[in-house]
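So the number in the numbering used here is just where the residue sits in the sequence shown, counting from 1, plus 250. By construction, the Cβ of each residue, glycine as well, lies at the ideal position given by its N, Cα and C atoms. Take a look at the structure set out below.
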Amino acid sequence: MKIKMEISNLRQTSELASVFAKVIKPPMVILLNGDLGSGKTTFVKEVVKALGSQDLVTSPTFTLLNTYNANFPVYHFDMYRLSSAEDALNVGFEEYFDKKTLDGVCFVEWSENVEGLIHEVDYVIDITKKGDKLRTVVIKEGK
Ligand SMILES: Nc1ncnc2c1ncn2[C@@H]1O[C@H](COP(=O)(O)OP(=O)(O)OP(=O)(O)O)[C@@H](O)[C@H]1O
Ligand SMILES: [Mg+2]
Numbered sequence: 251m252k253i254k255m256e257i258s259n260l261r262q263t264s265e266l267a268s269v270f271a272k273v274i275k276p277p278m279v280i281l282l283n284g285d286l287g288s289g290k291t292t293f294v295k296e297v298v299k300a301l302g303s304q305d306l307v308t309s310p311t312f313t314l315l316n317t318y319n320a321n322f323p324v325y326h327f328d329m330y331r332l333s334s335a336e337d338a339l340n341v342g343f344e345e346y347f348d349k350k351t352l353d354g355v356c357f358v359e360w361s362e363n364v365e366g367l368i369h370e371v372d373y374v375i376d377i378t379k380k381g382d383k384l385r386t387v388v389i390k391e392g393k
C-alpha cells in the first residue's frame with residue numbers, strides 16, 4: 251500500500267486519519283517523519299479520535315511517551331530530545347518495539363534520533379509542509 255495525498259486543512263487530515271485508523275491494529279509500529287511543525291502530532295491526534303478514544307493527545311516532546319486508551323493502547327513517542335538508540339534503551343523503550351510482546355500500536359516522531367532501536371516497522375508516514383497551508387502526506391508500508 252502507498253497513499254499520497256495533498257492536504258490543505260485540518261478536515262482533510264482528519265479524513266485521511268479516519269481511513270488510516272481502519273487499517274491499524276496491534277501489534278503495529280508506525281513512524282512519522284517530517285520537519286518541526288509539519289503536523290505529526292496532529293495526525294496522531296486525529297487517528298486517536300478516529301479510533302473512538304476520548305483521550306487528549308498532546309505532544310510528548312517532554313514526556314517522551316504518552317499513552318492513550320482506544321480499543322487497544324496507543325503509544326505515542328517523541329524522540330526529539332533523545333540523541334541515540336542508547337538513550338532510548340536507558341529509558342526502557344526497547345520493550346515497546348518487540349512485536350512479540352507489543353500489546354498496542356506505537357506512533358513514533360523523530361525516530362531518526364534513535365537509529366537502530368526500531369527494527370520492525372509497519373508503516374512510515376512522511377509529512378512535508380509546502381507553503382503556508384499545503385501538506386503532502388505519503389503513507390507507505392514497511393521501512
Ligand atoms: N492538517 C493541518 N491543518 C492545519 N494546521 C495543522 C495541520 N497539521 C498541523 N497543523 C498545525 O501545525 C502546528 C504544528 O503541528 P504539530 O504539532 O502536529 O507538528 P509536529 O510535526 O508534531 O511538530 P514537532 O516536530 O515539533 O513535534 C500546530 O499548530 C497544528 O495545529
Ligand atoms: Mg510533534
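#1: Leaving out five residues before and five after VAL374 in sequence, what residues of the same chain have Cβ atoms less than 7 Å from its Cβ?
#2: For ligand 2, is there a heavy atom less than 7 Å away from the beta-carbon of SER361?
#3: Tell me whether the region 368 to 385 and the region 269 to 280 touch, counting them as touching only if at least three CB pairs, one residue from each stretch, are closer than 8 Å.
#4: In chain order, what residues of the same chain lie with their CB nearer than 7 Å to the CB of LYS295, ignoring the 5 residues before and after it?
#5: Relative to the C-alpha of PHE270, which residue among ALA335, VAL355, SER288, GLU336 is closest?
#6: With DSSP as the reference, identify every bridge partner of THR317, one or two as the case may be.
Here's the rundown:
#1: Answer for VAL374: LEU281, ASN283, LYS390, LYS393, listed in chain order.
#2: Not so, every heavy atom of ligand 2 lies at least 7 Å from the Cβ.
#3: At 8 Å Cβ cutoff, the stretches touch.
#4: Excluding the 5 residues flanking it on each side, LYS295 has same chain C-beta neighbours closer than 7 Å at VAL307, in chain order.
#5: When ALA335, VAL355, SER288, GLU336 are compared, the shortest CA-CA separation from PHE270 is found for VAL355.
#6: For THR317, which the question treats as bridged, DSSP gives the partners TYR325.
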